[in-house]
Each structure stands twice: as structure tokens, then as C-alpha cells.
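For the sequence shown, the working numbering gives the first residue as 4, with consecutive numbering after it.
Beta carbons: idealized from backbone N, C-alpha and C, even for Gly.
All values reported here derive from a predicted model rather than from experimental measurement.
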Amino acid sequence: MSRVGIYGGTFDPIHNGHLHVISQLIEKKIIDRLILVPAGQPLLRENAPIASGANRRTMCQLAISTLPREISSHVEINPIEILREGPSYAIDTVEAVRSSYPDDEIFLIMGADAYSKIDQWHRADELHTMVSIICISRPGFPAHGIDIAALDVSATAVR
Numbered sequence: 004m005s006r007v008g009i010y011g012g013t014f015d016p017i018h019n020g021h022l023h024v025i026s027q028l029i030e031k032k033i034i035d036r037l038i039l040v041p042a043g044q045p046l047l048r049e050n051a052p053i054a055s056g057a058n059r060r061t062m063c064q065l066a067i068s069t070l071p072r073e074i075s076s077h078v079e080i081n082p083i084e085i086l087r088e089g090p091s092y093a094i095d096t097v098e099a100v101r102s103s104y105p106d107d108e109i110f111l112i113m114g115a116d117a118y119s120k121i122d123q124w125h126r127a128d129e130l131h132t133m134v135s136i137i138c139i140s141r142p143g144f145p146a147h148g149i150d151i152a153a154l155d156v157s158a159t160a161v162r
């Protein structure tokens with residue numbers, strides 16, 4: 004089973020911060036494959052992207068091509084949201100990716116700023132059951148992760 008990450012964003016423009024996240028996720032083997040998804044019509048964003056979907060897709064392609072082959076070979080740019088009519092819902096993208104990768108574990112990668120609003124997302128409760136979320140710290144939105152091994156115990160079993 005592979006670990007497939009969906010990294011969505013307006014990418015207007017894609018920048019070194021995005022490329023750093025992509026590189027770290029792949030170098031550290033957190034994910035095996037990354038699907039970069041330029042957003043179509045993000046609902047919770049105050050300003051619409053300035054560049055067109057086609058231009059943002061091209062910027063993503065150019066940026067990914069600058070990465071070392073051992074990173075870029077694990078990245079796919081998927082225009083699903085910029086080609087979709089109407090608003091972009093993460094759950095629709097997740098469902099499409101799951102249908103393409105039915106035997107793989109799917110991760111949704113987002114900044115802590117986006118994660119702070121996830122409960123406002125379309126079908127958020129269902130989304131939480133479909134993917135694991137990787138939350139990346141952003142200035143002003145720190146994300147804290149701790150590495151604690153879980154014990155195989157549950158309150159149900161104890162009762």
C-alpha cells in the first residue's frame with residue numbers, strides 16, 4: 004500500500020515554501036506520491052486567484068521541473084479542480100483520487116491556516132473519515148505534532 008498525498012492550493016504563484024513542503028514530504032518518506040492540485044474556485048478564500056487556472060498549472064509544472072528528479076518523479080500535477088465547473092470542494096477531489104488509487108492510503112496536506120477552517124468545509128465530517136490529514140505550520144498558525152507511540156489499549160477492552 005502506497006501513501007498518496009493530495010496537496011491543494013491556489014498556487015498563485017507556487018513558491019519555494021510549497022516546494023520545500025513537497026521535497027520534505029518525499030525525502031522523509033512521509034508520502035510515496037504527491038498529487039499537486041491547483042484550486043479552481045476556493046470557497047473560503049477572500050480573494051479569487053489572480054492568475055488563470057491554466058497559468059497556475061503551468062507555473063506548477065515549471066516549479067516542479069526545477070526539483071531534483073528523485074523528488075519530481077514522485078509528483079503529479081492534477082488539474083481536476085481547475086477543469087471542474089463550479090466551486091472546488093476538497094471532498095470531491097479526495098473521492099476522485101481515491102477512485103484512482105483505491106488500494107492506497109490517502110493523505111490531505113494543508114497549512115495550519117487552512118486546517119483552522121476545516122470545520123467550515125463542505126462535508127467536513129465525511130472528509131475526516133476518508134483521509135488522514137498532514138498539517139503544515141504556517142507563520143501565525145503554528146501546528147504542533149508530537150511523536151508518541153500509542154499503546155494497544157482501549158477503554159472498551161478495559162471495561
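Check: residue i C-beta below 7 Å from any heavy atom of the ligand ADP
i    : result
Ile9 : Ligands are entirely absent from the displayed structure, and the ligand ADP is therefore not among its contents.
Neighbourhood of residue i by C-beta, 7 Å cutoff - its chain only, sequence neighbours within 5 removed
i      : result
Ser119 : Phe144
Ile121 : Ala127
Ser26  : Leu70 and Ile74
Ile17  : Met62, Cys63 and Ala66
Asp169 : In this structure the chain extends from 4 to 162, so residue 169 is not present and cannot be described.
Val97  : Ile9, Ile109, Leu111, Leu130, Met133 and Val134
Ser91  : Ala42, Gly43, Gln44, Pro45 and Glu84
Neighbourhood of residue i by C-beta distance below 8 Å, restricted to the same chain and skipping five residues each side
i      : result
Arg162 : For Arg162, the pLDDT reaches just 39, beneath the cut-off of 50, and the residue's location in the model is therefore unreliable, although a value from the coordinates is still provided. Closer than 8 Å at the Cβ level, and outside the excluded window around Arg162, lies no residue.
Ile85  : Pro41, Ala42, Gly43, Gly56, Ala57, Arg59 and Arg60
Arg101 : Ile109 and Met133
Supposed contact pair residue j and residue i - C-beta distance, whole angstroms, cut 8 Å
i      : j     : result
Asp95  : Arg59 : No, Asp95 and Arg59 are not in contact; Cβ-Cβ is about 18 Å, not under 8 Å.
Ile137 : Gly8  : 7 Å
Leu22  : Ala66 : 6 Å
Ile33  : Ile74 : Between Ile74 and Ile33 the Cβ distance is about 13 Å, and since that is not below 8 Å, they are no contact.
Where the beta strand (DSSP E) through residue i begins and ends
i      : result
Tyr10  : Arg6 to Gly12
Glu79  : Val78 to Ile80
Leu111 : Glu108 to Gly114
Per DSSP, the bridge partner or partners of residue i
i      : result
Pro41  : Gly12
Cys138 : Met113
Arg101 : According to DSSP, Arg101 bridges with nothing at all.
Arg36  : Val7
Delimiting residues of the alpha helix (DSSP H) encompassing residue i
i      : result
Leu130 : Ala127 to Met133
Leu65  : Gly56 to Ser68
His23  : Asn19 to Glu30
Ser119 : That residue, Ser119, is in no alpha helix (DSSP H); it is neither H nor E in DSSP.
Ile164 : The requested residue 164 is not part of the displayed model; the chain covers only 4 to 162.
Close-in-space but distant-in-sequence residues of the same chain around residue i (CB under 6 Å, 5 per side omitted)
i      : result
Ser140 : Ala115 and Ala146
Asp191 : As displayed, the chain neither begins before 4 nor continues past 162, which places residue 191 out of reach and without an answer.
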